[in-house]
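Here the structure comes first, spelled out in structure tokens, and everything after it is commentary.
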């Protein structure tokens, strides 16, 4: 098992998780390749995300708009901003060719807003590309364990 | 609130609680009224259950609810659609699970009673104990009356209710207009966003003909679209209108230029669809077809509210399902062009994701506003919900009554139908 690679990958994804929990969106937007896709599917078995309905299918422009909306104060569902704390763990390297690394991991996220505490668990698959001494995200797929259930508003970035 | 007023309001009849220009707050909060609605509205009139494309082939089924009663929408081998109560006639277990799928027959998992796709009871394991006294012909799944218009399937528990086409009345022509967003292809439901909000179902019913909230509640969405689209959606002071179409149905025309998607095909292609038009042309699509698809891809310029549970809302079907007096489930079903160009359908899917669903830029803000309506409604039973906007300017039309685009005419129409059914 390549523990050195797992250490590098987990350090990168923990940093990303910390950025999202603390609203550091500018460096988060820079963590992506220009063609990067952020996807939250509905169907747990779906692989053709472009041709199906998702909860989110964000290219670079949509990621920027999503961040702008969260920061604008214009949206009543995100004012007050929900507080989130997420734990990312159970990293497993699925593929690695020296440049591209695909990793699968688990995310447990707690959200608190107004008077409600919610819990979202997700299976996450991330395609990473080596860049400088670190990585950039080419694709991140967030499969909520309850994606086929009826959900309430998610006013932050999963 | 004084106890004197509370007592006075409790004495109001159901009919008194719906006035021309207002409805009583108890319509959002009273569990007894909710129970009566399930019976007098959802079990008594036509309720939308599916779009035909959701059950495309023999054996295709969709599970849904009419009020709180679970029903299966299924297409049989002769292509006839049935709506069956999802309840085994033996000991009541559901015979079909899952939101959608394909099936050959319905087999109860408890004791193995089996039913064909039209609901007829076919097999009963070990029948000898019944000593030939089981009336199998009488024990099919309860089958509801089903009728279809423009691909929209409605069912009812009430065998005496008028034919669907009469119930829809002038709404039919708006349904026909809405289906033109197929851009020359059949309209197809290709998935949906489902969410719940802690509030009464009529708060959502009202919202589909509420132009007044759009610039305020959806400010963050409007900030995320191009200038031309933002101007197109600035319709509150525009020339649109709301029209009462009878039987609780109404239409809100927000963008009059987009009422007929097959007209004005030579109009300039909007900025936001320029790249799509280029892509379609590059694929060899003839120019007239490109124009028809691009004009249809953004959906219709109106919302059609069909009482009590469905709306043809610009580019999607909005379906509401009452859960309790203070909880409602909403489905926003995405529409694509069946057999249409992949690029156009991807554009439709991305537009739906942009506004709808729990991570959309629109739905969560609506949901927050409705939740706050419900919360505020618990603050005293002697206050009324005001629905008098646009009443002064209301005029008779060939199909009913109409007023300006942000008038509450559509809500008044729905509540008059509510009153008619609830006091029948």
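Protein chains in written order, with this note's numbering: chain F, 1 to 158; chain R, 159 to 582.
Glycine is no exception: its CB is placed at the ideal position from the N, C-alpha and C atoms.
Query	Result
List the residues that DSSP assigns as beta-bridge partners of residue 209 (chain R).	R:310
Report the neighbours of residue 526 (chain R) on chain F: residues whose CB is nearer than 8 angstroms to its CB, in chain order.	76, 77 and 153
Suppose you measure from the CA of residue 155 (chain R) to the CA of residue 131 (chain F); what does that come to, to the nearest Å?	Outside the modelled stretch of chain R, which goes from 159 to 582, sits residue 155 (chain R), for which no answer is possible.
Using CA coordinates, which residue listed in R:573, R:239, R:241 and R:253 is at the minimum distance from residue 463 (chain R)?	R:573
Would you decide whether residue 47 (chain F) is buried or exposed? Buried here means 16 or more other CB atoms lie within 10 Å of its CB.	exposed
Applying the criterion that 16 or more other CB atoms from any shown protein chain within 10 Å of the CB defines a buried residue, is residue 323 (chain R) buried or exposed?	exposed
For residue 515 (chain R), would you say it is in contact with chain F, using Cβ-to-Cβ distances shorter than 8 angstroms as the test?	yes
Name the DSSP bridge partner or partners of residue 325 (chain R)?	According to DSSP, residue 325 (chain R) bridges with nothing at all.
Count the other CB atoms, across all protein chains shown, that sit within 10 Å of the CB of residue 56 (chain F); report buried if there are 16 or more and exposed otherwise.	buried
Helix, strand or coil for residue 220 (chain R) per DSSP?	strand
So residue 139 (chain F) packs on residue 127 (chain F), CB below 8 angstroms; how close in whole Å?	4 angstroms
From R:553, R:276 and R:580, pick the residue whose C-alpha is nearest to that of residue 399 (chain R); which is it?	R:553
Have a look at residue 175 (chain R) and residue 206 (chain R) and give me their C-alpha separation to the nearest angstrom.	26 angstroms
Please confirm whether residue 72 (chain F) has its beta-carbon closer than 8 angstroms to some beta-carbon of chain R.	yes
8 angstroms is my cut-off, CB to CB: does residue 228 (chain R) come that close to chain F?	no
Thinking just about the alpha-carbon of each residue, which of R:170, R:306, R:196 and R:373 is nearest to the one in residue 228 (chain R)?	R:196
Here's the rule I'm using: 16 or more other beta-carbon atoms within 10 Å means buried, otherwise exposed. How should residue 514 (chain R) be labelled?	buried
Near residue 437 (chain R), what residues of its chain come up, given a Cβ to Cβ distance below 6 angstroms and the 5 sequence neighbours on each side ignored?	501
Threshold first: 3 residues or longer. Then list the beta strand (DSSP E) segments lying entirely within the region 415-487 of chain R, N to C.	460-464, 468-471 and 474-482
I think residue 42 (chain F) touches residue 147 (chain F), with their Cβ atoms under 8 angstroms apart; what is that distance to the nearest whole Å?	5 angstroms
To the nearest angstrom, how far is it from the Cα of residue 225 (chain R) to the Cα of residue 10 (chain F)?	48 angstroms
List the endpoints of the continuous alpha helix (DSSP H) containing residue 510 (chain R).	500-513
Determine the DSSP secondary structure at residue 32 (chain F), reduced to helix, strand or coil.	strand
Residues of chain R with CB closer than 7 angstroms to the CB of residue 56 (chain F), please, in chain order.	511 and 517
Let me check understanding here. Comparing Cα to Cα, which of F:23, F:96 and F:33 lies closest to residue 165 (chain F)?	Limits of chain F in this structure are 1 at one end and 158 at the other, which puts residue 165 (chain F) out of reach.
Thinking C-beta only, is residue 203 (chain R) closer than 8 angstroms to residue 317 (chain R)?	no
When you compare only the Cα positions, how much space is there between residue 169 (chain F) and residue 435 (chain R)?	This structure leaves residue 169 (chain F) out entirely; chain F is present only between 1 and 158.
Spatial neighbours of residue 297 (chain R) within its chain, please: CB distance less than 6 angstroms, with the 5 preceding and 5 following residues excluded, ordered by chain position.	247 and 279
The beta strand (DSSP E) spanning residue 18 (chain F) covers which residue range?	Per DSSP, residue 18 (chain F) belongs to no beta strand (DSSP E); it is in the alpha helix (DSSP H), 3-21.
From residue 392 (chain R) to residue 368 (chain R), what does the alpha carbon distance come to, in whole angstroms?	14 angstroms
Need the endpoints of the beta strand (DSSP E) that residue 260 (chain R) sits in, please.	258-260
Would residue 145 (chain F) count as contacting chain R if we go by Cβ distances under 8 angstroms?	no
Cα separation between residue 329 (chain R) and residue 405 (chain R)?	10 angstroms
Rounded to whole angstroms, what is the Cα-Cα separation between residue 36 (chain F) and residue 566 (chain R)?	44 angstroms
Output needed for residue 198 (chain R): all residues of its chain with C-beta closer than 8 angstroms, excluding positions within five of it in sequence on either side, in chain order.	579, 580 and 582
Per DSSP, which residues does residue 84 (chain F) bridge with? Please list them.	F:111
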